[in-house]
Amino acid sequence: MVIVFVAMIAYVIYFMEFKAETVIANSRNIRQDSFADDVEKGDIITSDGVVIATSTTDEEGKTVRSYPYANTFAHVTGYDKYGKSGLELEGNFYMLRSHINIFEKVVKGLSEEKNRGDNVITTVDFDLQTAAYNAMGYCEGAVIAIEPSSGKIRVMLSKPDYNPSEIDYLWEYLQTDEGSSSTILLNRATQGLYAPGSTFKVMTLLEYIRENPDTYNNYTYDCYGSEIFTGVDIHCNDDTAHYTESLKDSLAYSCNVSFANIGVDLDYGKFRESMDGLLYNSELPYDGDYSVSSFDIDSSSRRDELPQTAIGQGNTEITPLHNALIMCAIANGGVLMEPYLMERVENDDGGNVKKFKSKSYGELMTSEEAQILTDYMKSVCDYGTASSYFSGSSYDVAGKTGTAEYDNEGNCNSWFVGFSNPDNPDLVVCVIVEDYNTYGVSGTWVAKQIFDAYYNR
Numbered sequence: 224m225v226i227v228f229v230a231m232i233a234y235v236i237y238f239m240e241f242k243a244e245t246v247i248a249n250s251r252n253i254r255q256d257s258f259a260d261d262v263e264k265g266d267i268i269t270s271d272g273v274v275i276a277t278s279t280t281d282e283e284g285k286t287v288r289s290y291p292y293a294n295t296f297a298h299v300t301g302y303d304k305y306g307k308s309g310l311e312l313e314g315n316f317y318m319l320r321s322h323i324n325i326f327e328k329v330v331k332g333l334s335e336e337k338n339r340g341d342n343v344i345t346t347v348d349f350d351l352q353t354a355a356y357n358a359m360g361y362c363e364g365a366v367i368a369i370e371p372s373s374g375k376i377r378v379m380l381s382k383p384d385y386n387p388s389e390i391d392y393l394w395e396y397l398q399t400d401e402g403s404s405s406t407i408l409l410n411r412a413t414q415g416l417y418a419p420g421s422t423f424k425v426m427t428l429l430e431y432i433r434e435n436p437d438t439y440n441n442y443t444y445d446c447y448g449s450e451i452f453t454g455v456d457i458h459c460n461d462d463t464a465h466y467t468e469s470l471k472d473s474l475a476y477s478c479n480v481s482f483a484n485i486g487v488d489l490d491y492g493k494f495r496e497s498m499d500g501l502l503y504n505s506e507l508p509y510d511g512d513y514s515v516s517s518f519d520i521d522s523s524s525r526r527d528e529l530p531q532t533a534i535g536q537g538n539t540e541i542t543p544l545h546n547a548l549i550m551c552a553i554a555n556g557g558v559l560m561e562p563y564l565m566e567r568v569e570n571d572d573g574g575n576v577k578k579f580k581s582k583s584y585g586e587l588m589t590s591e592e593a594q595i596l597t598d599y600m601k602s603v604c605d606y607g608t609a610s611s612y613f614s615g616s617s618y619d620v621a622g623k624t625g626t627a628e629y630d631n632e633g634n635c636n637s638w639f640v641g642f643s644n645p646d647n648p649d650l651v652v653c654v655i656v657e658d659y660n661t662y663g664v665s666g667t668w669v670a671k672q673i674f675d676a677y678y679n680r
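Heads up, the working numbering is the position in the sequence shown plus 223, with the first residue counted as 1.
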């Protein structure tokens, strides 16, 4: 009994010293809100010092959250009612603690005023987020931009959007028959699942290189615009014939027929292992809400499933976040850094309270494989499907365009995923524009506006 008692006391001491803050800081811990009785919730601030969420307290002691830039940061900040979301949820614990100086705390306590909470400084870049918001316009879809060497998320945008300051009205609408099917609160950047389209050809290329390490450079194919593989009719865009092309040209011109030809000869079991290693069908190293991407090909799959899968159609689905993370690993020599939105916590006087550090998740591919993919993707932007957007730019880009059909009528979503300054990568940008046929805005064009904003300021 004495041993058990001593052990229990020891654990209580250990818990209070090392674990208590972690448990309380858990974004799902609803007891955090009790701190609001004494603390006015702190601000959410961009990495370049712009306040995007703040609090005011009225004479009755009621704290109201406001969002100076309305819809622009909606899915980043999230909302502070009805369960909370975004950084309002993830950073709630830190913003409801106060580290102002002790003298000020005493004065406020005597006057029964609330202490000012700490501020969360995000990794988000105000100028880049604004550029993405303006570029997307009325289009629906998502944008995410990440610094590949650190994992800092510089842009996170989802459309359609909303004004967090008007969440009461929106919530009321969502309870109606008309609003019950709305997905406006869904963060498409992290939770939207889409067919990857031709951006997946980078994955098919990686698997082909792994299975043919000594001969992949010798690959050639004669494309005449369409061909039937295992009973599946595959067409290039507008039935364009690319004629004799190398492996690099097949990626540069996004040749569906060539990649279907590659796909049917892959080892399906090994293909599945590679995709699982790239975090398909598994959790991502991200603390916020997200959906799990799916790749269902395995050693028992039918042969007629591969032609469509190899070109990014079929049953494969991916989130923009996941697509960006794979590109981050390529840009960072095969090593993935964990993505994060909170850079540090400061008290109301600007003093440092807590700093969040970059963490390495691990190696998704070898540095040699990453270099080969980078070289191949540069051809996409130098002379391939993205060259009309990036030729003449003051910076270089390695990337991949994608057009993913979502019905049998030819309607499609437009993708771009890639990174700038391939020799020493600066920024990974992933864009999906839904319903390209209606809006006529390509993912590549939106990405170009973000890269321009990055280099021209």
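Built from N, CA and C at the ideal position, the CB exists for glycine as well.
For the alpha helix (DSSP H) that residue i lies in, which residues bound it at each end?
i, result
"M498", "Y491 to G500"
"Y662", "Y659 to Y662"
"A627", "Counting along the chain, A627 falls outside any alpha helix (DSSP H), though it belongs to the beta strand (DSSP E) covering V620 to E628."
"S602", "S590 to D605"
"V684", "The question about residue 684 has no answer, for the chain in this structure spans 224 to 680."
"S479", "Contrary to the premise, residue 479 reads as Asn rather than Ser in this sequence. Looking at the DSSP string, the run of the alpha helix (DSSP H) that includes N479 is N479 to V487."
"N315", "N315 to M318"
"V669", "G666 to Y678"
"I390", "I390 to L397"
"T532", "L529 to A533"
Determine the direct distance from the alpha carbon of residue j to that of residue i, and round the result to whole angstroms.
i, j, result
"V246", "A230", "Low per-residue confidence applies at V246: pLDDT is 46, beneath 50, and the placement is therefore not dependable enough to give any value."
"S388", "D266", "14 Å"
"S516", "N410", "15 Å"
"K242", "T542", "Here the model assigns K242 a pLDDT of 48, short of 50, so the residue's position is not dependable, and the following value carries that caveat. Their Cα atoms are separated by approximately 33 Å."
"N538", "Y491", "15 Å"
"G622", "M600", "5 Å"
"V425", "Y659", "22 Å"
"S250", "V558", "In this predicted model, S250 has a pLDDT of only 47, less than 50, meaning its place in the structure is not dependable enough to derive any value."
"N679", "F639", "21 Å"
"A248", "R567", "Reliability fails at A248, whose pLDDT of 47 lies under 50, so the model's placement of it is uncertain and the value that follows must be treated cautiously. Each residue's Cα considered, the two are about 14 Å apart."
"R339", "T345", "19 Å"
"S321", "T279", "15 Å"
"Y503", "D572", "44 Å"
"D510", "S581", "13 Å"
"T467", "L393", "55 Å"
"D527", "S583", "38 Å"
"D400", "S514", "26 Å"
"C446", "S270", "48 Å"
"D437", "L529", "23 Å"
"G663", "G309", "30 Å"
"I323", "R377", "29 Å"
"R525", "V455", "12 Å"
"V225", "A412", "54 Å"
"S523", "T532", "15 Å"
"D261", "L319", "9 Å"
"K285", "D391", "16 Å"
"D519", "Y563", "28 Å"
"V366", "N440", "34 Å"
"S590", "G500", "15 Å"
In terms of residue numbering, what span does the beta strand (DSSP E) encompassing residue i cover?
i, result
"A458", "According to the sequence provided, residue 458 is His. The question's Ala does not apply to it. From DSSP, the beta strand (DSSP E) with H458 extends over V455 to H458."
"M224", "Taken as a continuous stretch (DSSP letters only), M224 belongs to no beta strand (DSSP E), as it is neither H nor E."
"K682", "With the chain covering 224 to 680 only, the question about residue 682 has no answer from this structure."
Please name the residue or residues paired with residue i in a DSSP beta bridge.
i, result
"Y417", "I541"
"Y563", "K375"
"A355", "For A355, which the question treats as bridged, DSSP gives no partner whatsoever."
"D445", "T467"
"R288", "S278"
"C653", "I367 and V640"
"F452", "V455"
"L587", "Answer by DSSP bridge pairing: none, since L587 is not bridged."
"R339", "E263"
"S517", "E540"
"I344", "I268 and R567"
"L380", "V366"
Give the C-beta separation of residue i and residue j to the nearest angstrom, bearing in mind that I take them to be a contact with Cβ-Cβ under 8 Å.
i, j, result
"F579", "M565", "5 Å"
"Y677", "L380", "In fact, because the Cβ distance is near 15 Å, the residues do not count as touching under 8 Å."
"T624", "S477", "6 Å"
"D487", "T453", "With the sequence shown as reference, residue 487 is identified as Val, and Asp is not the correct amino acid for it. Rounded, the Cβ-Cβ distance is 6 Å, consistent with contact."
"A368", "L587", "Their Cβ separation, rounded to whole angstroms, is 19 Å, which puts A368 and L587 out of contact at 8 Å."
"D341", "Y317", "6 Å"
"I595", "I432", "6 Å"
Relative to the ligand ADP, is the shortest distance from any of its heavy atoms to the C-beta of residue i smaller than 6 Å?
i, result
"L397", "Ligands are entirely absent from the displayed structure, and the ligand ADP is therefore not among its contents."
Counting only beta-carbon atoms, is residue i nearer than 7 Å to chain C?
i, result
"Y361", "The structure shown has no chain C; it contains just one protein chain."
Handout entry: Meets three-Cβ-pair contact criterion under 8 Å: the segment 296–303 and the segment 543–562
Key = The segment 296–303 is not in contact with the segment 543–562.
Problem - Contact the segment 604–620 vs the segment 665–677: 3+ CB pairs below 8 Å - result: Because the criterion of three Cβ pairs below 8 Å is met, the segment 604–620 and the segment 665–677 touch.
Exercise for the section: Inspect the CB distances between the segment 402–417 and the segment 454–471 and report whether three or more fall short of 8 Å. Expected result: Remark: fewer than three beta-carbon pairs, one from each stretch, lie closer than 8 Å, so the segment 402–417 and the segment 454–471 are not flagged as touching.
Practice task
Specify whether the segment 353–360 and the segment 302–312 touch according to this definition: at least 3 beta carbon pairs, one from each stretch, less than 8 Å apart.
Solution key: Segments in contact, no.
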